[in-house]
Amino acid sequence: EPEVTQTPSHQVTQMGQEVILRCVPISNHLYFYWYRQILGQKVEFLVSFYNNEISEKSEIFDDQFSVERPDGSNFTLKIRSTKLEDSAMYFCASSDGQLTGEETQYFGPGTRLLVL
Amino acid sequence: QKEVEQDPGPLSVPEGAIVSLNCTYSNSAFQYFMWYRQYSRKGPELLMYTYSSGNKEDGRFTAQVDKSSKYISLFIRDSQPSDSATYLCAMGGGGGSTLGRLYFGRGTQLTVWP
Numbered sequence: 001e002p003e004v005t006q007t008p009s010h011q012v013t014q015m016g017q018e019v020i021l022r023c024v025p026i027s028n029h030l031y032f033y034w035y036r037q038i039l040g041q042k043v044e045f046l047v048s049f050y051n052n053e054i055s056e057k058s059e060i061f062d063d064q065f066s067v068e069r070p071d072g073s074n075f076t077l078k079i080r081s082t083k084l085e086d087s088a089m090y091f092c093a094s095s096d097g098q099l100t101g102e103e104t105q106y107f108g109p110g111t112r113l114l115v116l
Numbered sequence: 001q002k003e004v005e006q007d008p009g010p011l012s013v014p015e016g017a018i019v020s021l022n023c024t025y026s027n028s029a030f031q032y033f034m035w036y037r038q039y040s041r042k043g044p045e046l047l048m049y050t051y052s053s054g055n056k057e058d059g060r061f062t063a064q065v066d067k068s069s070k071y072i073s074l075f076i077r078d079s080q081p082s083d084s085a086t087y088l089c090a091m092g093g094g095g096g097s098t099l100g101r102l103y104f105g106r107g108t109q110l111t112v113w114p
């Protein structure tokens, strides 16, 4: 069964450093998303991406964040200068975007980011 | 404001019990309703998907959506210890031509003991 994959599974970084989280969405999907989950809190939407551009972003997704689809398979989230409060589990998700009544988003296993 | 409310529990039931999980929401524009299961420190796994109002059944799981009350439910029949996890409700849609961002509840932690 197709699945979303993410690398790395864990990342530890120093405050102020740049990190890049990588995702490989399901191959025929067209819409890509990043969410995060701070420990003990709700899963929160960060950004959605379609046709090589951001289609929607939340208030969390400020200038420190960027997304890119560098090739036909990868989808990345970059945090330019990490802060302590960026420590969270980051989930990538994808959907095929076809409103057939069965559209939904499939999530990857997540990258646990710890900022020290 | 697009908020989703879900009782975080924890909920503890014996094996074989019927489990009822619920969420309420405030945005009447939501049209897509999902239940995800999340094991500790793992990604959400899609369990059930419902479009608009009505019921959907899949094995031991039944999802119900009542849009008039802005209330969704997930029922688990004959619960098993392997059902022990956190159950997240999520919803979205109504804002355009695609599903868009999902809004999640906090999740209900369920333990099924043998």
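These protein sequences, in sequence, are chains H and V. Sequential numbering from 1 applies to the first sequence in the working numbering. Sequential numbering from 1 applies to the second sequence in the working numbering. Here a beta-carbon is modelled for each residue, glycine too, at the ideal position from N, C-alpha and C. Predicted, not measured: the structure shown is a model, and the values here were computed from it.
- Per DSSP, reduced to three states, the secondary structure at aspartate 66 (chain V) is strand.
- Note on geometry: alpha-carbon atoms of valine 12 (chain H) and aspartate 86 (chain H) lie some 11 Å from one another.
- Taken atom to atom, the span from the alpha-carbon of proline 109 (chain H) to that of serine 95 (chain H) is near 15 Å.
- When Cβ pairs closer than 8 Å are counted between the two stretches, the stretch 63 to 75 of chain H is seen not to touch the stretch 2 to 17 of chain V, the count staying below three.
- In this structure, the alpha-carbon of threonine 62 (chain V) lies about 22 Å from that of serine 28 (chain V).
- Nearest to valine 112 (chain V) by C-alpha distance, out of V:Gln64, V:Phe75, V:Arg106 and V:Gln80, is V:Gln80.
- In the assembly as shown, serine 48 (chain H) is a buried residue. Its beta-carbon has 16 or more other beta-carbons within 10 Å.
- Interface annotation, tyrosine 32 (chain V): in contact with chain H, CB-CB separation under 8 Å.
- Contact check for glycine 43 (chain V) and phenylalanine 61 (chain H): beta-carbon distance about 20 Å, past the 8 Å limit, so the pair fails to qualify.
- Under the DSSP assignment, threonine 24 (chain V) falls in the beta strand (DSSP E) whose first and last residues are 19 to 25.
- Spanning the alpha carbons of phenylalanine 32 (chain H) and valine 13 (chain V) requires a straight line of approximately 37 Å.
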